[in-house]
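To convert, take the position in the sequence shown, counting from 1, and add 41; that gives the numbering used here.
For each residue, glycine too, the CB sits at the ideal point set by N, CA and C.
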Amino acid sequence: MRIRYNTIVIFLLAAIPIITQTRSIECINNGWIFHKGEIPFATEQNIDEKDWQRVNIPHTWNVDDSYDKRGVDDGWDIAYYYYRGAGWYRKWIKLNEAESNKRIHIHFEAANAVAEVYVNGKFVGKHIGGYSEFKFEITDFVKFNDINLISVKVDNSYHYDIPPQRADYTMYGGIYRDVYLVKTDKVFIEQLLIQTPDVSSNVAKVKISTSLNNKSNFRNLSLRFSIYDPNGKLLEIKNQEIFNPSTNQEKYEFDFTTIEKPKLWNPDNPVLYKIKAELLSDEKTVDEVTDKFGFRFFRFDAEKGFFLNGKHLRLKGVNRHQDRAGFGWALSNEQHLEDIIMIKSMGANFVRMAHYQQDKSVLDACDSLGLLVWEEIPVVTSVGRENFKNNAKQMLYEMITQHYNHPSIIVWGLMNETERSQPPDDLSWNYDLCLELNGLAKKLDSNRYTTQAQMRDLGTGILKIIDIRGWNRYFGWYYGVFEDFGKFMDEQKALDPNQLTLISEYGAGSKKGYHKETPDPSDFTEEWQVMYHRSMLEQLEDRSWIAGACVWNMFDFASEEKQGNIKHINQKGLATWDRSPKDVFYLYQSKWTEKPMVYIVSHSWPEKIGAIAEMKTIKVFSNCESVELFLNGKSLGKKERKFNWQVQFVAGSNSLKAIGTQENTNVTDEIKINYSVK
Ligand code: ADA
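#1: Since CYS665 is in the beta strand (DSSP E), which residue starts that stretch and which ends it?
#2: May I ask you to check if the CB of ASP408 is nearer than 7 Å to at least one heavy atom of the ligand ADA?
#3: With burial defined as no fewer than 16 other Cβ atoms inside 10 Å of the residue's Cβ, what is the status of GLN533: buried or exposed?
#4: On the criterion of 16 or more Cβ atoms from any shown chain inside 10 Å, does TRP415 qualify as buried, or is it exposed?
#5: Would a C-beta distance cut-off of 8 Å place SER141 and PHE185 closer than the cut-off?
#6: Would DSSP call ASN721 helix, strand or coil?
#7: Assuming LYS333 contacts ASP408 under a Cβ cut-off of 8 Å, what Cβ separation, rounded to an integer in Å, is found between them?
#8: Does the beta-carbon distance from ASN272 to GLY411 come in below 8 Å?
#9: Determine the direct distance from the alpha carbon of ASN71 to that of LYS430, and round the result to whole angstroms.
#10: Going by DSSP in three states, THR559 sits in which element: helix, strand or coil?
#11: Just to confirm, does TRP593 get its C-beta within under 7 Å of one of the non-hydrogen atoms of the ligand ADA?
#12: Leaving out five residues before and five after ALA395 in sequence, what residues of the same chain have Cβ atoms less than 6 Å from its Cβ?
#13: Could I get the ranges of all uninterrupted beta strand (DSSP E) runs contained in the region 588-617, with 3 residues as the minimum, in chain order?
#14: Which residues share a DSSP beta bridge with PRO622?
#15: Sort out for me which residues DSSP pairs THR702 with in a bridge.
#16: Give a single yes or no on whether ASN606 has its beta carbon closer than 7 Å to a heavy atom of the ligand ADA.
#17: For PHE598, which residues from the same chain have a beta carbon less than 8 Å from its beta carbon, with the 5 sequence-adjacent residues on both sides left out?
#18: By DSSP, does PHE334 sit in helix, in strand, or in coil?
#19: For GLU416, which beta-bridge partners are listed by DSSP?
#20: Shortest alpha-carbon distance to TRP686 belongs to which of ILE700, SER242 and ILE659?
#21: So for TRP73, helix, strand or coil by DSSP?
#22: Rounded to whole angstroms, what is the Cα-Cα separation between GLY554 and GLU174?
#23: Quick one: any contact between the region 483-496 and the region 562-581, if contact means 3 or more CB pairs under 8 Å?
#24: Return helix, strand or coil for LYS434, following the three-state DSSP convention.
#25: Sorry if obvious, but does the Cβ on ASP209 come closer than 7 Å to a heavy atom of the ligand ADA?
#26: Could you give the distance in angstroms between the alpha-carbon of VAL688 and the alpha-carbon of ASN707?
#27: How many Å lie between LYS304 and ASP239 at the Cα?
#28: Can you tell me whether PRO538 is buried or exposed? The criterion is at least 16 other CB atoms within 10 Å of its CB, across all chains shown.
#29: So, using beta-carbon positions, are ARG265 and ILE278 closer together than 8 Å?
#30: Restricting to runs no shorter than 3 residues, where is the beta strand (DSSP E) found entirely within the region 525-582?
#31: Considering only the alpha carbon of each residue, which of GLN206, GLU655, PHE662 and ARG64 lies closest to TRP633?
#32: Count the other C-beta atoms from every protein chain shown that fall within 10 angstroms of the C-beta of ASP473, then say buried if there are 16 or more, exposed otherwise.
#33: DSSP three-state call for THR180: helix, strand or coil?
#34: Just verifying my parser: in three-state terms, what is the DSSP assignment at ASN715?
#35: Tell me whether HIS609, by its Cβ, gets closer than 7 Å to a heavy atom of the ligand ADA.
#36: Would you say THR84 and SER192 are within 8 Å of each other, going by their C-beta atoms?
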């Protein structure tokens with residue numbers, strides 16, 4: 042168990058810790074017990090725990106069971122064969138007498154999909170939605186100088202009222218993100234929102250909006266805000282006296298003096314400023330919260346695409362699901378970070394967090410490594426009625442207020458492929474929901490754009506509600522041929538020339554190591570996937586009015602109903618489910634990065650068969666000015682474009698080596714090929 046008092050560093054990249062001096066934040070991930078399914082008396086102190094399993098958080102109960110049988114999409118209702126139901130967690134925590142003047146809170150970074158929290162047998166609260174953070178104050182439920190029982194029921198049952206009603210991914214149940222026990226004074230800082238309403242290369246404004254949660258008897262309090270530049274230099278301190286603070290969650294707003302020549306955040310130089318908010322009583326610090334933020338300004342243009350800090354930037358993106366082989370959604374912060382590092386190393390500058398709010402560590406990594414973000418709520422495929430609407434609005438509220446300070450986020454996504462409504466089918470619910478979500482997003486955050494991902498215009502008018510139209514299109518994979526993509530997009534442009542446009546999804550599946558010299562359409566070979574993406578990159582390049590595009594998907598992920606040549610897996614990843622890059626990853630890296638790289642296609646095809654002296658085509662992906670290929674030590678020639686060679690392998694073992702040259706730098710790649718003569 043990690044207990045950290047006084048100076049607490051929640052995991053972030055080292056440069057940007059959230060530090061607090063007076064509240065304690067204790068990660069309580071370890072030492073829980075778990076029971077799959079309903080069980081009587083789960084909240085009672087004295088029960089027989091022998092059927093319970095010892096677990097640590099992050100945890101899910103669906104790591105194995107979504108890959109045995111196929112989920113059946115039978116009209117409206119989907120039959121799921123992975124366990125969707127209740128699970129119970131229990132943990133004992135000790136509180137000391139010395140802490141009895143504190144307020145105690147339990148903070149969950151997410152539990153899918155509905156969580157009910159009990160302390161010492163009493164119901165504390167319920168949270169609906171599997172992706173946002175939530176916390177409950179438990180001060181009135183705990184005993185000091187004693188041990189306390191925390192029981193949590195989590196339920197991932199199919200439910201009409203809870204987005205997503207249905208979606209093409211496995212919805213793992215459990216407390217799958219970190220849990221913290223937080224101890225504060227009687228008064229604490231509830232929220233710290235950092236707004237940067239006006240930013241240019243010359244000046245930037247910073248506005249703070251904060252609220253206190255007060256149950257103290259303090260008559261006089263003061264708030265002190267300190268702003269630091271990216272080098273940690275203190276720029277300014279602001280003080281505000283608060284007399285007779287109210288017990289309501291009152292908001293306090295402040296403007297800092299305008300900052301001259303701000304350092305602007307961008308993907309190549311993701312510089313972060315910092316604000317420290319201190320709450321003081323008679324010069325004694327009662328609470329302290331620190332968060333980072335960045336200065337950037339951006340706009341979308343219907344003709345020219347996207348501009349960041351006044352400069353044109355093509356958005357080169359991928360979608361990311363929080364799912365990994367062997368772990369499901371129960372990923373550590375380090376694993377989240379590894380994903381973002383891999384996405385960055387491929388040269389992407391944009392990520393769509395599909396289809397839901399993701400872990401804080403993911404957003405922190407995007408801020409620090411320099412990736413722009415589209416984040417969205419899980420309104421996918423179909424829309425429900427009034428309760429569904431309220432839950433979706435709550436999710437949007439939570440996402441925006443919880444992730445507001447992240448400079449990486451530029452667009453809020455409201456829905457994805459909502460072509461259906463809960464029976465009886467009535468798409469006016471979809472329209473109304475979109476309208477309400479858009480209104481709420483604008484009210485909460487007038488500085489970012491809104492968007493949605495759709496496949497077509499269903500004639501409901503829904504596409505016109507949001508700022509940016511996102512298209513999910515799979516020409517040359519599910520339907521049509523590659524070139525239909527460009528035709529479709531040109532038609533859309535002609536229909537509505539002033540529309541801002543992003544491609545939210547395009548993709549093709551493959552199985553790493555499955556190869557054919559002449560692939561068939563959508564045959565899951567790495568070759569078809571590479572051909573598909575090469576064509577898409579060219580078609581996107583030809584259309585500068587498309588601000589950018591996101592590949593579906595960065596990683597393969599679990600989806601019980603999918604039946605490609607790996608059952609229950611959506612195989613459209615540029616990397617496998619366990620994070621091994623496929624050939625197509627290197628195609629993107631060769632197009633999107635500048636650091637010299639070279640990759641011989643394909644490392645996952647070491648066994649080749651052919652006739653004696655048969656010519657085989659070998660391709661190399663590289664961003665270098667020239668590449669020279671060697672077979673068994675002998676040069677097959679240096680090329681400056683079209684890195685394809687005709688190669689005559691000898692029977693048995695062969696070695697291929699490629700040397701890429703960029704200015705004075707050489708990079709190499711080598712593979713062994715075993716050639717069998719037929
Ligand atoms: C849709 C959907 C995604 C994904 C994709 C696919 O576009 O938005 O969730 O599953 O289809 O792979 O078919």
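In short, the structure shows the following:
#1: Premise fails: CYS665 is in no beta strand (DSSP E) and is neither H nor E.
#2: no
#3: Around the beta carbon of GLN533, 16 or more other beta carbons sit within 10 angstroms, so the residue counts as buried.
#4: So TRP415 counts as buried.
#5: The beta carbons of SER141 and PHE185 sit closer together than 8 Å.
#6: Examination of residue 721 is not possible in this model, given that the chain is present from 42 through 719 alone.
#7: 7 Å
#8: Not in contact: ASN272 and GLY411 (Cβ atoms no closer than 8 Å).
#9: Between LYS430 and ASN71, the C-alpha separation is close to 36 Å.
#10: coil
#11: Between the ligand ADA and the CB of TRP593, the shortest heavy atom gap is smaller than 7 Å.
#12: ASN360
#13: Runs found: 598-604 and 608-611.
#14: ALA616
#15: Beta bridge pairing from DSSP links THR702 with SER667 and ASN707.
#16: no
#17: TYR210, THR211, HIS362, ASP364, ILE610, ASN611, GLY614 and TRP618
#18: strand
#19: DSSP lists MET394 and TRP453 as partners of GLU416.
#20: Measuring from the Cα of TRP686, the nearest candidate turns out to be ILE659.
#21: strand
#22: 39 Å
#23: no
#24: Correct three-state label for LYS434: helix.
#25: yes
#26: Straight across, the Cα-Cα distance linking VAL688 with ASN707 is about 22 Å.
#27: Our two residues, LYS304 and ASP239, have alpha carbons roughly 14 Å apart in a direct line.
#28: exposed
#29: yes
#30: Counting only runs of at least 3 residues, the region 525-582 fully encloses the following beta strand (DSSP E) elements, listed from N- to C-terminal order: 541-547.
#31: With distances taken between CA atoms, TRP633 lies nearest to PHE662 out of GLN206, GLU655, PHE662 and ARG64.
#32: exposed
#33: helix
#34: strand
#35: Proximity of the beta carbon of HIS609 to the ligand ADA is not indicated: no heavy atom of the ligand is located closer than 7 Å.
#36: yes
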